[in-house]
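K.L.:
Before I ask anything, let me first share the structure, which is written out below as structure tokens.
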Amino acid sequence: MQKIIQEDIKLAVNHFYSPEYNKEELAPFEETKIKGIHEFQKTHRSYTETPLYHLKNLAEHLNVADIRMKDESQRFGLNAFKVMGGIYAIARYLADRLGENIENLSFEELQSPKVKEKLGELTFITATDGNHGRGVAWAARELGHQSVVYMPKGSTERRLQAIRDEGAHAEITDINYDDTVRMCANLADENGWVLVQDTAWDGYEDIPLWIMQGYASIAKEAVDQLDADGGQQPTHIFLQAGVGSFAAAIAGYMLEHYRDDPPMIVVVEPEQAECYYRSFLTEDGTREIVTGDMNTIMAGLSCGEPNTSAYRLLRQYAKGTFSCNDNIAALGMRLYGNPMKGDPRVISGESGAVTLGLLYYLRKLANDPAHGQAISLDANSRVLLISTEGDTDPATYQKVVWEGLCPN
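The opening residue of the sequence shown carries number 308 in the working numbering; numbering runs sequentially from there.
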């Protein structure tokens, strides 16, 4: 166990880390499985790849070999990556109810009146900080079903309205995210609704895994784009974690794809919801749970209980976890919005930008090199980042980028 603390960030080096191939954890992210899922997602008429940008000038400025970033704000017009999980999980659920293989179906076929007649109108329910709920609502509506979405205390009216605009019945609760998840699970049981949650627990694992496999398509896209551009594989992948589903999904695919020379996985989370950071510091590797309000501008990462299956994967394969103050996320937002000359400008929200803020901090602002050394970050590093959302809360985005909220 190693705990490194410096102003603005803390690093827990994961003493459970092992590069040994673990088929049980990585098998769901095998190339052929994710390719099939990706092919289904592409059957939707609005599907397009999100761009993989090459930040050449920033890489030179930070003295690293390469920086690539994937911009998920351009996903299905929903300004965030989460729909990639919701669209597959709901479709997979419908396919299973029909007794069909999802790989033999298209999105259009699942929209047909024949399917609706056979299954009736279903209601899907979820808890969300914003982006996941909007993706579930969108997917449910597109497939002709209903959705109910609850948000934790502190969620913004703008994110609530975006979910309602997708046709969901949506409300903000007076409890935190994890308690909202429990409330939704109870409501699903009481009403015969289908819970579509991107976190797993004992007895609830299939749908969270399907969501993670849907997310893994993002990693496949990135690899395909990198290969087409003639780029080299990343040595480091910085991944945001709330419950950890996204981070584990991207890591799972990348570790499978680059099995002979796996990249280093670095987890990044807000200090107010640092459940992975605390868990990696334990002696026995048990999941640690953060309680309370977890106030952070990184609303999409404000989750205090790790997904059980995601935690198993990341406990083995993540090199460490950084716990970051809000000003690290704010720094990343300003960097994306005000790029080096010749690099693309990206609108990245609070949860989307924290990984770039951390990378910049480690290479330019940190007084102690121990953090970078602990994850072997140096001039030879090739870093992959994923901006998971755009300005999903425009008011906060403007306060950060225009007015200097959370200064460095």
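In this text, a Cβ means the ideal position worked out from N, Cα and C, and glycines have one as well.
What whole-angstrom Cβ distance do I639 and E696 have, given they're in contact under 8 Å?
P.N.:
According to the sequence displayed, residue 639 carries Gly and not Ile. No, G639 and E696 are not in contact; Cβ-Cβ is about 12 Å, not under 8 Å.
K.L.:
If the criterion is Cβ atoms closer than 7 Å, does the pair L417 and L450 meet it?
P.N.:
Taking 7 Å as the Cβ cut-off, L417 and L450 qualify as a contacting pair.
K.L.:
Indicate the three-state DSSP secondary structure (helix, strand or coil) for K460 in the structure shown.
P.N.:
K460 falls in the coil class under three-state DSSP.
K.L.:
Whole angstroms is fine: what's the gap from M594's alpha carbon to S683's?
P.N.:
The sequence given here has Arg at residue 594, not Met. Straight-line Cα distance between these residues: approximately 26 Å.
K.L.:
Per DSSP, which residues does V575 bridge with? Please list them.
P.N.:
Partner(s): Q547, F629.
K.L.:
Touch check for the stretch 564–577 and the stretch 542–554: three-plus C-beta pairs under 8 Å?
P.N.:
Because the criterion of three Cβ pairs below 8 Å is met, the stretch 564–577 and the stretch 542–554 touch.
K.L.:
What separation, rounded to the nearest whole angstrom, lies between the Cα atoms of D459 and G644?
P.N.:
First, the residue type needs correcting, since residue 459 is Pro and not Asp in the sequence shown. Approximately 29 Å, taken between the alpha carbons.
K.L.:
Check whether the Cβ atoms of E337 and E612 sit closer than 7 Å, and answer yes or no.
P.N.:
No.
K.L.:
Quick one: what's D373 bridged to in DSSP?
P.N.:
Its beta-bridge partners are R689.
K.L.:
Starting from Q468, follow its DSSP beta bridges and name the residues at the other end.
P.N.:
BP columns for Q468 are empty, so no partner.
K.L.:
Between which two residues does the alpha helix (DSSP H) carrying F587 extend?
P.N.:
Here the alpha helix (DSSP H) through F587 covers 582–587.
K.L.:
Assuming the contact rule is C-beta atoms closer than 8 Å, G393 and V443 should be a hit. Round their C-beta distance to whole Å, please.
P.N.:
Going by Cβ atoms, the distance from G393 to V443 rounds to 4 Å, so yes, they are a contact pair.
K.L.:
So, does the stretch 480–490 touch the stretch 420–429, judging by three or more C-beta pairs under 8 Å?
P.N.:
Result no; under three Cβ-Cβ pairs closer than 8 Å.
K.L.:
Give me the Cα-Cα distance between Q348 and A580, rounded to the nearest whole angstrom.
P.N.:
If I take the Cα positions, the gap works out to 31 Å.
K.L.:
Nearest CA to the CA of T662: which residue from V575, M601, G679?
P.N.:
Considering only alpha carbons, the answer is V575.
K.L.:
Just checking, does the stretch 673–691 make contact with the stretch 370–385 on the three C-beta pairs under 8 Å criterion?
P.N.:
Yes, since at least three Cβ pairs between the stretch 673–691 and the stretch 370–385 fall closer than 8 Å, the two stretches touch.
K.L.:
From S462 to A606, what distance separates their C-alpha atoms?
P.N.:
Answer to the nearest angstrom: the Cα atoms are 8 Å apart.
K.L.:
For Y324, name the three-state secondary structure that DSSP assigns.
P.N.:
Y324: coil per DSSP, three-state reduction.
K.L.:
Under the DSSP definition of a beta bridge, which residues are partnered with E407?
P.N.:
Paired residue(s): none; E407 is not in a bridge.
K.L.:
Determine the contact status of I635 and D315, defining contact as a CB-CB distance below 7 Å.
P.N.:
A contact, by the Cβ cut-off of 7 Å.
K.L.:
In chain order, what residues of the same chain have a beta carbon less than 8 Å from the beta carbon of A398, not counting five sequence neighbours either side?
P.N.:
Excluding sequence neighbours, A398 sits near F347, I409, L412, F414, L417, A446, L450.
K.L.:
Looking only at C-alpha atoms, which of E464, H476, Q468, H439 sits nearest to S454?
P.N.:
Comparing Cα positions, the closest option is H476.
K.L.:
Can you give me the C-alpha to C-alpha distance between A637 and S655, rounded to a whole angstrom?
P.N.:
Rounded to the nearest angstrom, the two C-alpha atoms are 10 Å apart.
K.L.:
Using CA atoms only, rank isn't needed, just tell me which of Q680, K389, L669 is closest to V503.
P.N.:
Cα-wise, what sits closest to V503 is K389.
K.L.:
Among C713, S419, N614, S694, which has the Cα closest to the Cα of P358?
P.N.:
Per the Cα distances, S694.
K.L.:
If distances are taken between C-alpha atoms only, which option among I341, A673, S325 comes closest to N715?
P.N.:
Answer by Cα proximity: A673.
K.L.:
Would you check if the stretch 316–332 and the stretch 611–627 touch, i.e. whether three or more CB-CB distances between them fall below 8 Å?
P.N.:
Yes, they touch.
K.L.:
What residue from K363, Q381, P335, D496 has the CA that sits closest to Y354's CA?
P.N.:
Comparing Cα-Cα distances from Y354 to each of K363, Q381, P335, D496, the minimum goes to Q381.
K.L.:
What are the start and end residues of the alpha helix (DSSP H) that includes I525?
P.N.:
It spans 513–535 - the alpha helix (DSSP H) in which I525 sits, taken as one unbroken run.
K.L.:
Output yes or no for whether 7 Å exceeds the beta carbon distance between A548 and Y584.
P.N.:
Contact flag unset, no.
K.L.:
Please state the DSSP three-state secondary structure of T695.
P.N.:
In the structure shown, T695 sits in coil (DSSP, three-state: anything other than H, G, I, E or B).
K.L.:
State the beta-bridge partners of H476 as determined by DSSP.
P.N.:
V455, per the DSSP bridge assignment.
K.L.:
What is the DSSP secondary structure of L502, counted as helix, strand or coil?
P.N.:
Three-state DSSP puts L502 in a strand.
K.L.:
How would you write the range of the alpha helix (DSSP H) that H345 sits in, first residue to last?
P.N.:
Taken as a continuous stretch (DSSP letters only), the alpha helix (DSSP H) holding H345 covers 338–348.
K.L.:
State yes or no: is the C-beta of P335 within less than 7 Å of the C-beta of Q468?
P.N.:
Not in contact: P335 and Q468 (Cβ atoms no closer than 7 Å).
K.L.:
Taking the Cβ atom as the reference point for each residue, do S524 and M391 lie within a distance shorter than 7 Å?
P.N.:
Contact flag set, yes.
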